[in-house]
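Each step along the sequence shown adds one to the number in numbering that gives the first Met the number 0, with nothing skipped, and position 112 is 111. The beta-carbon is built from N, C-alpha and C at its ideal position, and this holds for glycine as well.
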Amino acid sequence: MPRPLSIGNGNLLINFDADLVMRDFFFPYVGMMNQIEGRRNMMGFWVDGHFSWLDEPGWSKTWGYLDDTLVTACTARSERLGLALTISDAVHYREDLYLKRVVIRNLRSEAREVRVFFANDFNIDESDIGDTALFDPDLQAIYHYKRKRCLIIDGRIGPSAGKPARRARGARGIAQFSTGRKRFAGAEGTWRDAEDGKLEGHLISQGSVDSAIGFQGELGPGKEQQLYYWIAAGSGFDSARAIHGLALTAGPERLMSETATFWRNWVSRHSEHLAGLPPELASFFKRSILVARTQIDNRGGIVAANDTDILRHNRDHYSYVWARDGAMVAHALDLAGYHGLTRRFFRFCERAISRQGFLWHKYHPNGSVGSSWHPWVRKGDFLLPVQEDETASVLWALGRHYAADRDLDFVDTLYPTLVEPAANFLANYRDPETKLPRPSYDLWEERQGIFTYTAASTYAGLMAASLLGELFGDRTAAEWRAAAEEVKEATLTHLYDKKLGRFLRGLYVRPDGEASPDYTLDSSLFGVALFGLLPAGDERVLRTMKLVQDGLWVSTDVGGVARYTGDYYFRKSDDVERVPGNPWIICTLWLARWYIAKASSVGELKVALAILEWVRTHAIPGGHLPEQLHPYSGQALSVAPLTWSHAEAVSTVLEYLAKVRELGVTVEFSEEDRLALPSSYR
Numbered sequence: 000m001p002r003p004l005s006i007g008n009g010n011l012l013i014n015f016d017a018d019l020v021m022r023d024f025f026f027p028y029v030g031m032m033n034q035i036e037g038r039r040n041m042m043g044f045w046v047d048g049h050f051s052w053l054d055e056p057g058w059s060k061t062w063g064y065l066d067d068t069l070v071t072a073c074t075a076r077s078e079r080l081g082l083a084l085t086i087s088d089a090v091h092y093r094e095d096l097y098l099k100r101v102v103i104r105n106l107r108s109e110a111r112e113v114r115v116f117f118a119n120d121f122n123i124d125e126s127d128i129g130d131t132a133l134f135d136p137d138l139q140a141i142y143h144y145k146r147k148r149c150l151i152i153d154g155r156i157g158p159s160a161g162k163p164a165r166r167a168r169g170a171r172g173i174a175q176f177s178t179g180r181k182r183f184a185g186a187e188g189t190w191r192d193a194e195d196g197k198l199e200g201h202l203i204s205q206g207s208v209d210s211a212i213g214f215q216g217e218l219g220p221g222k223e224q225q226l227y228y229w230i231a232a233g234s235g236f237d238s239a240r241a242i243h244g245l246a247l248t249a250g251p252e253r254l255m256s257e258t259a260t261f262w263r264n265w266v267s268r269h270s271e272h273l274a275g276l277p278p279e280l281a282s283f284f285k286r287s288i289l290v291a292r293t294q295i296d297n298r299g300g301i302v303a304a305n306d307t308d309i310l311r312h313n314r315d316h317y318s319y320v321w322a323r324d325g326a327m328v329a330h331a332l333d334l335a336g337y338h339g340l341t342r343r344f345f346r347f348c349e350r351a352i353s354r355q356g357f358l359w360h361k362y363h364p365n366g367s368v369g370s371s372w373h374p375w376v377r378k379g380d381f382l383l384p385v386q387e388d389e390t391a392s393v394l395w396a397l398g399r400h401y402a403a404d405r406d407l408d409f410v411d412t413l414y415p416t417l418v419e420p421a422a423n424f425l426a427n428y429r430d431p432e433t434k435l436p437r438p439s440y441d442l443w444e445e446r447q448g449i450f451t452y453t454a455a456s457t458y459a460g461l462m463a464a465s466l467l468g469e470l471f472g473d474r475t476a477a478e479w480r481a482a483a484e485e486v487k488e489a490t491l492t493h494l495y496d497k498k499l500g501r502f503l504r505g506l507y508v509r510p511d512g513e514a515s516p517d518y519t520l521d522s523s524l525f526g527v528a529l530f531g532l533l534p535a536g537d538e539r540v541l542r543t544m545k546l547v548q549d550g551l552w553v554s555t556d557v558g559g560v561a562r563y564t565g566d567y568y569f570r571k572s573d574d575v576e577r578v579p580g581n582p583w584i585i586c587t588l589w590l591a592r593w594y595i596a597k598a599s600s601v602g603e604l605k606v607a608l609a610i611l612e613w614v615r616t617h618a619i620p621g622g623h624l625p626e627q628l629h630p631y632s633g634q635a636l637s638v639a640p641l642t643w644s645h646a647e648a649v650s651t652v653l654e655y656l657a658k659v660r661e662l663g664v665t666v667e668f669s670e671e672d673r674l675a676l677p678s679s680y681r
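Structural data, given as structure tokens:
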């Protein structure tokens with residue numbers, strides 16, 4: 000199930016599913032140490048002798064965010080229980096503190112008692128071995144802890160529940176609690192104990208444990224009651240208690256309000272340029288920046304996605320730092336002016352780069368090398384298990400970063416540790432005869448060969464390194480520039496097919512040393528223009544992208560661009576002629592970016608804007624973008640949110656706005672213009 004809600008601050012990331020159930024609790028790294036591991040931390044209600052968890056049938060729900068914030072705005076309603084809920088969630092922008100506000104409204108005409116329960120199911124540091132859950136009689140709160148992790152769980156109910164403790168007259172804390180075993184020795188978990196409306200009060204449990212807490216309130220006829228629940232996360236008792244103390248002294252209402260204010264200000268730096276966009280698209284642009292921020296660790300790791308439901312498919316996940324994804328996200332954030340965030344990413348790459356000058360397949364958010372499916376041996380010969388475009392993309396993004404930020408001192412600190420080793424690797428890791436990059440894995444991580452996208456990124460990476468080297472008078476810069484020009488010439492010679500009138504996806508080197516062409520139509524051929532190997536309006540790019548547009552658009556009511564012909568990942572149709580693959584958000588946006596790059600008229604800009612609107616309308620309610628869509632239903636497939644999808648949306652919007660300014664035009668966009676896609680799409 001995709002994650003329609005994500006809140007975080009760069010240390011603590013929390014995801015909710017469509018049932019408004021907490022499913023992921025990453026701490027202290029974004030994307031690493033998921034303290035829930037996709038299980039269900041639930042909220043339940045007992046009233047008039049009836050009980051229901053929020054994820055059970057009978058609840059109608061809506062979800063979303065307060066505008067331009069990372070504070071959720073959700074509702075739930077149960078006619079059976081006669082309750083309506085308004086729910087807000089936030090992670091404090093600075094402190095590692097999760098806050099929940101629930102306003103409970105009585106839909107009945109008589110006074111009633113309501114009991115609200117929270118089930119706390121944590122596997123500390125992704126293991127249920129040796130955990131402890133206990134009740135602290137001093138704080139009147141629940142602890143879950145192990146080693147260097149401590150979570151303190153508390154809350155208040157009543158009209159003044161959100162106020163500082165000294166002013167919260169009439170607010171009541173935890174009324175019931177219990178700890179116990181879970182999924183072990185026949186025990187399901189303490190959450191079962193809540194379903195009769197009464198918890199047994201077991202004080203401490205160790206091993207595979209969970210806890211539950213309950214609050215009790217009275218609801219007058221048609222009246223409301225408010226409840227605050229929070230979790231303070233620390234590296235031990237003292238740090239967690241300090242954060243818990245902040246919730247008591249400042250009050251959760253103020254902390255949630257200042258978090259909303261912070262994010263509104265943080266995301267508004269481009270507001271003056273968004274006036275030319277449809278209002279819904281301007282709002283979606285800001286949502287994409289905010290969602291991307293939740294997926295970025297404060298130590299620099301830009302995580303691909305943090306939706307752990309993908310574990311059901313391959314026992315691994317997307318909670319890794321791919322240098323390629325990170326470079327594309329960093330570039331988008333640099334375009335948007337968030338240079339401080341992107342500097343951290345380049346520092347991450349500086350720490351992660353290998354002694355040989357390449358970046359490995361992927362990394363954990365703490366910088367250690369991640370899992371991989373790339374073999375190190377092919378037909379008895381050693382093979383670098385890398386995707387060369389990842390290393391190249393980081394240099395390209397760093398060059399673009401300097402162009403946007405002009406912080407030469409920052410680049411100077413990275414030059415000997417990141418730029419030089421990476422550029423030397425790219426320059427040397429080439430075939431001595433063709434001058435093309437040696438075989439490596441493609442950007443889709445599926446095949447090993449020499450690919451147009453990889454060659455274009457290698458050209459761009461070497462050019463960026465050369466330009467940076469010239470800033471410091473490094474004579475090696477000329478060698479990198481010469482290598483880049485050789486890669487460009489070789490790409491145009493070996494990877495462009497004059498008979499077809501388009502670029503090849505790639506070449507495969509046979510055992511006899513000869514090259515076998517791959518004619519598969521692939522959306523990544525946009526890389527030729529993206530990385531500046533050729534202008535977007537070059538006839539070779541025009542012909543290639545027109546074929547991509549015609550051949551990879553999904554001919555269903557959903558639409559969108561597939562990765563390549565015959566894509567099998569999460570395949571939902573064998574009708575390859577109409578559905579060459581599932582529509583991917585990034586591939587569809589590449590088409591929009593091509594239209595923008597070559598645009599000389601309002602009409603071309605309207606096509607790009609129509610594609611952007613297509614992307615916006617296919618986001619999950621609340622604004623999250625998945626990796627790909629079901630070609631017939633339009634439902635999200637694979638993971639959501641995907642950080643790269645949101646970054647592509649940000650880049651596309653900003654490139655569109657820049658082209659509007661460059662052309663000096665005004666684009667009037669109407670409802671009819673939403674159909675301004677090329678006729679071949681219809």
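For this session: Could you confirm whether any beta carbon from chain D is found closer than 8 Å to the beta carbon of residue 320?
Result: The structure shown has no chain D; it contains just one protein chain.
For this session: Decide if residue 407 is buried, meaning its Cβ has at least 16 other Cβ atoms within 10 Å, or exposed.
Result: As a first step, residue 407 is located in the sequence shown; it is residue number 408 there, counting from the start. With fewer than 16 Cβ atoms within 10 Å of its Cβ, residue 407 is classed as exposed.
Exercise. For residue 74, which of 554, 254, 82 has the nearest alpha-carbon?
Worked result: For the purposes of this step, residue 74 is identified with residue 75 of the sequence shown, where counting begins at 1. It is 82 whose Cα lies nearest to the Cα of residue 74.
Problem set entry | Candidates 158, 253, 244, 234: closest to residue 684 by CA position | There is no way to answer for residue 684, as the model of the chain reaches only from 0 to 681.
Problem set entry | C-beta atoms of residue 35 and residue 120 nearer than 8 Å | The residue you call residue 35 lines up with position 36 of the sequence shown. The residue you call residue 120 lines up with position 121 of the sequence shown. A contact, by the Cβ cut-off of 8 Å.
Exercise. How about residue 68 and residue 249: are their beta carbons less than 8 Å apart?
Worked result: In the sequence shown, the residue the question calls residue 68 occupies position 69. In the sequence shown, the residue the question calls residue 249 occupies position 250. In this structure, residue 249 does not lie closer than 8 Å to residue 68 by Cβ.
Problem set entry | residue 8 vs residue 21 beta-carbon contact at 8 Å | The residue labelled residue 8 in the question sits at position 9 within the sequence shown. The residue labelled residue 21 in the question sits at position 22 within the sequence shown. Going by C-beta atoms, residue 8 is not nearer than 8 Å to residue 21.
For this session: Return the CA-CA distance between residue 78 and residue 60, expressed in angstroms with no decimal places.
Result: Looking up residue 78 in the sequence shown gives position 79. Looking up residue 60 in the sequence shown gives position 61. Approximately 12 Å, taken between the alpha carbons.
Exercise. Do the CB positions of residue 489 and residue 461 come within less than 8 Å of each other?
Worked result: Locating residue 489 in the sequence shown gives position 490, counting from the first residue. Locating residue 461 in the sequence shown gives position 462, counting from the first residue. Result no, Cβ atoms of residue 489 and residue 461 do not sit closer than 8 Å.
Exercise. Quick one: is residue 49 buried, meaning 16 or more other Cβ sit within 10 Å of its Cβ, or exposed?
Worked result: By 1-based counting over the sequence shown, the position of residue 49 is 50. Here residue 49 is exposed. Its C-beta has fewer than 16 other C-beta atoms within 10 Å.
Exercise. For residue 72, which of helix, strand or coil comes out of DSSP?
Worked result: Looking up residue 72 in the sequence shown gives position 73. Coil at residue 72, not helix or strand.
Exercise. Apart from the five residues on each side of it in sequence, which residues of its chain come closer than 6 Å, Cβ to Cβ, to residue 512?
Worked result: Residue 512 sits at position 513 when you count from the first residue of the sequence shown. Same-chain partners within the cutoff: there are none.
Problem set entry | Segment contact flag, the region 449-466 with the region 519-531, C-beta cutoff 8 Å, min 3 pairs | In short, these stretches touch, since the Cβ pair count reaches three.
Exercise. Is residue 2 buried or exposed, if buried means 16 or more other CB atoms sit within 10 Å of its CB?
Worked result: On the sequence shown, position 3 is the one that residue 2 refers to. Answer is buried; the Cβ neighbour count reaches 16.
Exercise. Apart from the five residues on each side of it in sequence, which residues of its chain come closer than 6 Å, Cβ to Cβ, to residue 356?
Worked result: In the sequence shown, the residue the question calls residue 356 occupies position 357. Closer than 6 Å at the Cβ level, and outside the excluded window around residue 356, lie 420, 421, 423, 424.
For this session: Within the region 15-76, note down every full beta strand (DSSP E) run reaching 3 residues or more, in order along the chain.
Result: 21-28, 31-33, 42-46, 49-52, 58-61
Exercise. Just how far apart, CA to CA, sit residue 303 and residue 219?
Worked result: The residue given as residue 303 occupies position 304 in the sequence shown. The residue given as residue 219 occupies position 220 in the sequence shown. Cα to Cα, residue 303 sits roughly 47 Å from residue 219.
Problem set entry | Reference residue 352; option with closest CA among 291, 417, 269, 273 | The residue you call residue 352 lines up with position 353 of the sequence shown. Taking only the C-alpha atoms, the option nearest residue 352 is 417.
For this session: Kindly list the residues whose CB is nearer than 8 Å to the CB of residue 176, restricted to its own chain and excluding five residues on each side of it in sequence; keep chain order.
Result: Here the question's residue 176 lines up with position 177 in the sequence shown. Same-chain partners within the cutoff: 134, 141, 198, 200, 210, 211, 212, 213.
For this session: Below 8 Å on the Cβ atoms is my guess for residue 565 versus residue 506; work out the distance and round it to an integer in Å.
Result: What you label residue 565 is simply residue 566 of the sequence shown in a count that begins at 1. What you label residue 506 is simply residue 507 of the sequence shown in a count that begins at 1. That pair is no contact at about 18 Å.
Exercise. Which residue comes first and which comes last in the beta strand (DSSP E) that contains residue 212?
Worked result: In the sequence shown, counting from the first residue as 1, residue 212 sits at position 213. Residue 212 -> beta strand (DSSP E) spans 208-218.
Exercise. Would the region 609-616 and the region 543-551 be scored as touching if the rule is three or more Cβ pairs under 8 Å?
Worked result: no
Exercise. How would you label residue 575, buried or exposed, when you count the other beta carbons within 10 angstroms and need 16 or more for buried?
Worked result: Sequence index remark: in the sequence shown, residue 575 carries index 576 (1-based). That one is exposed.
Exercise. Does the Cβ-Cβ distance between residue 624 and residue 648 come in under 8 Å?
Worked result: Within the sequence shown, the letter at position 625 stands for residue 624. Within the sequence shown, the letter at position 649 stands for residue 648. In this structure, residue 624 lies near residue 648, with their beta-carbon atoms less than 8 Å apart.
For this session: May I ask which residues mark the beginning and end of the alpha helix (DSSP H) holding residue 597?
Result: Here residue 597 refers to the residue found at position 598 of the sequence shown. Its alpha helix (DSSP H) spans residues 584-597.
Exercise. For residue 502, is the classification buried or exposed, using 16 other Cβ atoms within 10 angstroms of its Cβ as the cut-off for buried?
Worked result: Taking the first residue of the sequence shown as 1, we reach residue 502 at position 503. Buried.
Exercise. Which residues in the same chain as residue 53 place their Cβ atom closer than 7 Å to its Cβ, once the five residues preceding and following it in sequence are excluded?
Worked result: Position 54 of the sequence shown, counted from the first residue, corresponds to residue 53. 18, 19, 20, 41, 42, 43, 75, listed in sequence order.
Problem set entry | Whole-Å CB distance - residue 90 paired with residue 11, under 8 Å assumed | For the purposes of this step, residue 90 is taken as the residue at position 91 of the sequence shown. For the purposes of this step, residue 11 is taken as the residue at position 12 of the sequence shown. Yes, they are in contact, since the Cβ atoms of residue 90 and residue 11 sit about 5 Å apart, within 8 Å.
For this session: Keeping to the same chain, check which residues put their C-beta closer than 6 Å to that of residue 252; ignore five residues upstream and five downstream.
Result: Position 253 of the sequence shown holds residue 252. 161, listed in sequence order.
Problem set entry | residue 545 vs residue 598 beta-carbon contact at 8 Å | Along the sequence shown, one-based indexing puts residue 545 at 546. Along the sequence shown, one-based indexing puts residue 598 at 599. Their beta carbons are not under 8 Å apart, which means residue 545 does not touch residue 598 by this criterion.
For this session: Pull up the DSSP beta-bridge partners for residue 178, would you.
Result: Counting from 1 along the sequence shown, the entry for residue 178 is found at position 179. Note: residue 178 sits in a beta bridge opposite 210.
Exercise. Are residue 653 and residue 174 close, meaning C-beta to C-beta below 8 Å?
Worked result: For the purposes of this step, residue 653 is taken as the residue at position 654 of the sequence shown. For the purposes of this step, residue 174 is taken as the residue at position 175 of the sequence shown. Not in contact: residue 653 and residue 174 (Cβ atoms no closer than 8 Å).
Problem set entry | residue 130 versus 145, 99, 55, 655, residue with shortest Cα-Cα distance | One-based indexing of the sequence shown puts residue 130 at position 131. Residue 130 has its Cα closest to that of 145, out of 145, 99, 55, 655.
Exercise. Hey, how far is the Cα of residue 193 from the Cα of residue 116?
Worked result: Numbered from its first residue, the sequence shown carries residue 193 at position 194. Numbered from its first residue, the sequence shown carries residue 116 at position 117. Between residue 193 and residue 116, the C-alpha separation is close to 7 Å.
Exercise. Beta-carbon separation of residue 384 and residue 373 under 8 Å?
Worked result: One-based indexing of the sequence shown puts residue 384 at position 385. One-based indexing of the sequence shown puts residue 373 at position 374. Yes; because the gap between Cβ atoms is below 8 Å, this pair is in contact.
For this session: Return helix, strand or coil for residue 603, following the three-state DSSP convention.
Result: Walking along the sequence shown from the start, residue 603 turns up at place 604. If DSSP states are grouped into helix, strand and coil, residue 603 belongs with the helices.
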